[in-house]
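*Asks:* So that we are looking at the same thing, I have put the structure below in structure tokens.
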Amino acid sequence: MNLTQSTLTEIRDALVARKLSSVEITRAYLDRIELLGTPLNAYHQVLTDRALDSRQAGR
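Using this note's numbering, the first residue of the sequence shown is number 45, and each one after it goes up by one.
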């Protein structure tokens, strides 16, 4: 499943069915930001460490 091409409903359903974890979702979007964010100058600040710490708290 390509998370960045999936709908929020599809992601939610996969999360509820435990086919995906919040860690996988977070990492997929952080990877996408790293890939496209810098060349596009789309983000002022990305708090990767904070996002990763937050996902650990959700476990």
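From the three backbone atoms N, C-alpha and C, an ideal C-beta is built for every residue, glycine too.
Keep in mind that this is a model prediction, so the values were computed, not measured.
In whole angstroms, give me the CA-to-CA distance for R62 and L52.
*Replies:* Cα to Cα, R62 sits roughly 15 Å from L52.
*Asks:* Could you compute how far the alpha carbon of L96 sits from the alpha carbon of S65?
*Replies:* One C-alpha to the other measures close to 13 Å.
*Asks:* Which of the three DSSP states, helix, strand or coil, is assigned to Q49?
*Replies:* DSSP places Q49 in helix when its eight states are reduced to three.
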